[in-house]
Amino acid sequence: MAVRALTDRSRYWLLILPALAAMLIFYIWPLVQIFAISFTEPTTGFGNYVDLVSSRPIRTSFVITFRIAAITTIGCLVLGYIVAYTIYNTSVRFVGLMMALVLLPFWLSVLVRSFAWIVLLGRRGVVNDALMSIGLIDQPLPLMHNEFGVLVAMIHVMLPFAVLPIMANMKGIDPSYVAAARGLGASEFTAFRQVYFPQTMPGVFSATLLVFVLSLGFYITPALLGGGRVLMISEYITYQIQEFLKWGLGTALSVALLVATAAVILAAARFVNLRKTLLERG
Amino acid sequence: MTKIMDSSQIEDQEFHTDLCEIAVEKFRAGKISRRNMLQLLGALGIVPLLHDKAFADTKEIVLVNWGGKAAEIIQEVLGDTYTAETGIKVVVDGSGPSAGKIRAMVESGAVVWDVCDSGPGSAIIMGEQGVAQPIDYSIVDKSKVIDGFTWEYGVANYMYSYTLCCNTAMLEAAPETWADVWNVKDFPGKRTFRKSVRGMLETAAMALGHAPQDVYEFLGDEAGIKAAIQKFRDLREHIIVWPSGSMSQQLFLQKEVSIGCIWSTRAHLLKDEMPAGTFTTSFNGGVLSPGAWVVPKNNPAGPDAAMKFLAHSQKPELQVEWLKQIGCGPSNPAAAALVPADLKPWNPTSPENRATQTVYNDDWYAKNQISAEELYVDALIN
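Sequences listed follow chains G and X, in order.
The first sequence lines up with residues 1 to 282 when you count with the numbering used here.
The second sequence lines up with residues 1001 to 1382 when you count with the numbering used here.
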């Protein structure tokens, strides 16, 4: 019986193999099949992609999707930065509690949280009822079934994803830099703007990327709160596959979404060293 | 890859699964007392109660529908009564008799279903493909089915409609026609229409002034379809779509909409759930849609036994019971007279209601649905 000395390299590959196999079988292979469907149904060729570009509702849907993802990202960044800054620059006693509160939404499913917004924002929902009983308005405000409702709910759902990377970044920032800046005569705002803020950029950047990419493909919240008029691509894909049975077009749309997302990430990679940003702390 | 099914099948399927959801809601509300918890779990489609006997057994009929509480109700209303009369056991299987499944069964030679709750579009297709049996009209009585709802390979079992419903508490006057629904000034508030174009373009055509009977003629050419779509584009700011039966019900319950085009079965539930006197349903300009019994070729119990069961399901009293429990309209014209007075306005197939409705045209949908769907989505989001 020959004894083979296992080199470090082959040991490394053997450890990775099960995960890689699972990934290939359950993720890559079905993805390849989806690619294949987009090229073969209903007829072989690029027909579906031509339809995709020439169809007006699809283009509108892409525009809506990117617009909502962009606004959600900006909203999450602003709010998320404030939350993260507060957590790391207030009393040490509360840090644990505040972090737990940030993570609390993850205990609930997204579906439940979206339905909660329906209860809050409906015509006879909590917000409208409160405003009407105070007397501020006499007709209920249209807070739901439009872009406003979708944005509010999406910012709420995506916020933890924005807070966490920024928090991780801030954790690694040495407070002595700001102290040094103050010591050299800078005002609080100048110290923040020129010393602290640039150091948080990697965290902000990861948060932007994470929230944007997630929002692009998000389905449940816009589907529930959009009223059928805020049609994001993910919902459009579902429509094509389940209702119209146009699997060719549906898969082509999925591929298009995948390519768009990859394009966003690649564009980001040109400006920032992604490996350094996402894998290193601060 | 799985075969692409035709669009009319999807119509039947979505409505049928909606029936299951209604039934589950009723059970949870304690309105129906149910016997077998295991059967409920099985009938919800997770584990089909499939028989694995592939040979003829005249002591048993396997009836297949779309599961859920609708399965339990059909067991009680049709199955148990048939067993009481003839001694032949009726087993209800809720695994959803799509045309694809029936075809697979017949072509593989292992048919285990006797009677299937399908739809006319599927019945026609299955007949053409040779997987369904022609209905034996010497046993099944044609006169017991409303005119026009018998086909070579299927016979109507129940009917439902797309109706004009409104919350009168939110309006000063109730809209009476679809043209009123498009009149946002006099009838304010949001409207709800189906997310899919099925059953919806007809309402736009009627709002343009066409009589229910002329609707499909008007929609027969591209100009007609475009005009109807333009109507939706005009109204789009006021529309909230319902993606499912339960959402259509919820939109009314939450007072999000004041007017809507929804299924009669959901309207049937809303009449009890909305505050008294605030909810009305009008079949004026409604779109009537039938389900159909289909008997697969080489069914285990044999054609005779299946046809006798179909004849049994035509009994007017049973259909009235069915209407009471789940809101499905009877297909037997004699049943309308037996419907209790308070339920009469809610019966899609009562003579008064039938006179003002048009019938869902499967041929038109087979030809135009896909292109119409895309135009409809475009109208809503642009």
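From the three backbone atoms N, C-alpha and C, an ideal C-beta is built for every residue, glycine too.
Selection G:Leu164, G:Leu266, G:Gly183 evaluated against G:Ala100 yields G:Leu164 as nearest (Cα-Cα).
Contact with chain X is absent for G:Leu253, since none of that chain's Cβ atoms lies less than 8 Å from the residue's Cβ. Cβ contact annotation for X:Asn1361 (same chain, cutoff 7 Å, sequence separation greater than five): Tyr1216, in chain order. Residue pairing by DSSP places X:Lys1089 opposite X:Glu1060 in a beta bridge. Counting only unbroken stretches of 4 or more residues, the alpha helix (DSSP H) elements lying wholly within the stretch 1231-1266 of chain X are 1245-1253, in sequence order. Below the 7 Å Cβ cutoff, chain G contributes Arg56, Pro57 as neighbours of X:Asp1378, in chain order. What G:Thr60 touches in chain X, judged by beta-carbon distance under 7 Å, is Ile1381, Asn1382, going in chain order. Fewer than three pairs of CB atoms, one per stretch, sit closer than 8 Å, so the stretch 202-212 of chain G makes no contact with the stretch 44-51 of chain G.
Annotation: the continuous beta strand (DSSP E) that includes X:Val1155 extends over 1155-1167.
X:Val1241 sits close to G:Gly228, with the two beta carbons spaced by under 8 Å.
Contact annotation: G:Leu184 and G:Ile265 have beta-carbon atoms that are not nearer than 8 Å. Taking the Cα of X:Asn1382 as reference, the smallest distance to any Cα among G:Ser55, G:Leu17, G:Phe39, G:Ile25 is reached at G:Ser55. Short of 7 Å from the beta carbon of G:Gln240, and not among the five residues preceding or following it, lie these beta carbons of its own chain, in chain order: Lys246, Leu249, Gly250, Leu253. Among the residues of chain G, those whose CB is under 8 Å from the CB of X:Arg1236 are Arg229, following chain order. Taking a Cβ-Cβ threshold of 7 Å, the residues of chain G close to X:Ile1240 are His145, Gly227, Gly228, in chain order. Contact of G:Arg124 with chain X is assigned, a C-beta pair being separated by under 8 Å. With distances taken between CA atoms, G:His156 lies nearest to G:Gly80 out of G:Ala168, G:Gly80, G:Pro140. For the 8 Å CB-CB criterion, G:Ile166 and G:Ala207 form a contact. In this model, G:Ala223 and G:Val230 are separated by some 8 Å (Cα to Cα). Judged by beta-carbon spacing, X:Glu1317 lies beyond the 8 Å limit of X:Leu1288, meaning their Cβ atoms are not closer than that value. Take G:Ile34, set aside five residues on each side of it, and the residues of its chain with a beta-carbon closer than 8 Å to its own are Thr251, Ser254, Val255, in chain order. Sixteen is the threshold: when 16 or more other Cβ atoms of the shown chains lie within 10 Å of the Cβ of X:Gly1154, as they do, the residue is buried. In the pairwise beta carbon analysis, the stretch 1253-1261 of chain X is classified as touching the stretch 1185-1197 of chain X: at least three pairs are separated by under 8 Å.
Rounded to whole angstroms, G:Leu14 and G:Leu24 show a C-alpha spacing of 15 Å. Taking a beta-carbon distance threshold of 8 Å, X:Glu1273 does not count as an interface residue toward chain G. Collapsing the DSSP output to three states places X:Asn1298 in coil.
Here the C-alpha atom of X:Lys1297 lies approximately 5 Å from the C-alpha atom of X:Ala1132.
Buried is the label assigned to X:Pro1212, since at least 16 other Cβ atoms lie within 10 Å of its Cβ. Residues Ala1379 of the same chain have their beta carbon placed closer than 7 Å to that of X:Arg1233, with the five preceding and five following residues left out of the count. In the DSSP annotation of this structure, the continuous segment of the alpha helix (DSSP H) that includes G:Ser254 starts and ends at 247-271. Under the criterion of beta carbons closer than 8 Å, X:Glu1374 and G:Pro57 qualify as touching, at roughly 6 Å. When X:Ser1371, X:Leu1063, X:Met1206, X:Glu1085 are compared, the shortest CA-CA separation from X:Thr1177 is found for X:Met1206.
Residue contact with chain G for X:Lys1195: present (Cβ-Cβ distance below 8 Å to some residue of chain G). Residue state for X:Asn1284 is assigned as strand, using DSSP reduced to three classes. Against chain G, a Cβ distance below 8 Å from X:Glu1072 picks out nothing, because the smallest value is about 27 Å. Looking from the CA of X:Asn1332, the closest CA among X:Ile1146, X:Val1092, X:Thr1278 belongs to X:Ile1146.
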